[in-house]
Each structure stands twice: as C-alpha cells, then as structure tokens.
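Letter by letter, the sequence shown follows residues 49 to 175 of our numbering.
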Amino acid sequence: MKLAVYARDHYVCRYSHCRRCVVDERVFQALSALLPDTLPFHRNWKGGACHPLVWTSLASLEHVKPWSIGGDNSVENLITACTLCNYAKNSALVEQLGWKVDLSAAEGYGWEGLTPFLPALRALVLQ
49 MKLAVYARDH
59 YVCRYSHCRR
69 CVVDERVFQA
79 LSALLPDTLP
89 FHRNWKGGAC
99 HPLVWTSLAS
109 LEHVKPWSIG
119 GDNSVENLIT
129 ACTLCNYAKN
139 SALVEQLGWK
149 VDLSAAEGYG
159 WEGLTPFLPA
169 LRALVLQ
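Written as structure tokens, this is what we have:
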C-alpha cells in the first residue's frame with residue numbers, strides 16, 4: 049500500500065506549503081550500502097546515524113488524520129510526506145497547524161523518487 053500511495057502522489061510531499069520531491073527509502077538504502085561513510089542511513093531514522101538528507105528528502109507515509117486520534121490506514125487517509133513534515137505534524141490535525149493537503153497536479157512533476165535507478169543500484173550493491 050505504501051508504494052501505491054507514493055506512486056499516486058508521484059513521490060512529492062503532499063502538504064501544500066512544502067511540495068518537496070522525496071526519495072524512495074530503498075534508494076537511500078542502496079546508496080548507503082554503496083557509500084556508507086558518505087550517506088549513512090538507519091532504517092529507523094536514528095538521529096546521528098543518518099545523513100541530514102534523510103530528514104529532508106526521504107519519502108514517508110503520513111496519516112492525514114493521525115492514527116492516535118482515530119485515523120485509519122485507508123488510501124484516502126494516507127499521503128506521501130517528506131520526513132521533515134511528517135515529524136513536524138506529529139499527531140496534530142492539519143487544520144490545527146493551518147496546513148493543507150494538496151493532491152492536485154501530482155502528474156506534472158514527473159518525479160519517481162529515483163526508483164528508476166533501483167535496479168542499477170541494487171546490481172552495484174551485489175558486486
């Protein structure tokens with residue numbers, strides 16, 4: 049479901065104040081395997097164990113209505129967000145923050161989270 053949401057949103061943070069193009073986690077993992085000292089990555093985004101790019105450019109699955117206050121895992125309640133927006137929003141409602149979710153014009157970005165490079169990156173990792 050996560051990859052379906054990312055594909056629907058074209059790997060763009062859907063908060064209207066941000067709209068940052070984000071990178072698929074699998075791409076970060078492969079790049080980190082190839083360049084561990086240059087681009088360290090921790091699967092749980094552990095502070096100090098990840099490159100700062102992870103905090104600004106990693107795709108994350110976001111609940112528009114937070115799980116903690118009754119939001120569900122339906123595709124309608126899930127959006128792509130950059131990690132920075134995901135952490136900033138936390139368990140607040142978008143209305144409380146004055147944020148808006150914008151799913152319009154996602155196709156116009158032509159961005160795929162660097163996923164077209166995944167096969168080549170994985171092949172390099174296996175070498």
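All residues carry an ideal CB built from backbone N, CA and C; glycine is no exception. Predicted, not measured: the structure shown is a model, and the values here were computed from it.
Query	Result
Looking only at its chain, what residues have a beta carbon closer than 7 Å to the beta carbon of residue 157, apart from the 5 residues adjacent to it on each side?	58, 60, 69
How would you label residue 173, buried or exposed, when you count the other beta carbons within 10 angstroms and need 16 or more for buried?	exposed
Within its chain, find whatever has a CB closer than 6 Å to the CB of residue 121; leave out the 5 residues flanking it on each side and keep chain order.	none
Roughly how many angstroms separate the alpha carbons of residue 86 and residue 55, rounded to a whole number?	28 Å
With DSSP as the reference, label residue 198 as helix, strand or coil.	Residue 198 cannot be examined here, being either before or after the span of the chain that is shown, 49 to 175.
What residue ranges within the region 96-143 form continuous alpha helix (DSSP H) runs of no fewer than 4 residues, ordered along the chain?	100-105, 131-137
Which whole-angstrom value is the C-beta distance of residue 143 and residue 107, which I expect to be below 8 Å?	The pair is not a contact, with the Cβ atoms about 24 Å apart (cut-off 8 Å).
Please name the residue, chosen from 117, 76, 91, 83, that lies closest to residue 101 on a Cα-to-Cα basis.	76
If you reduce the DSSP assignment to three classes, tell me which class residue 149 lands in.	strand
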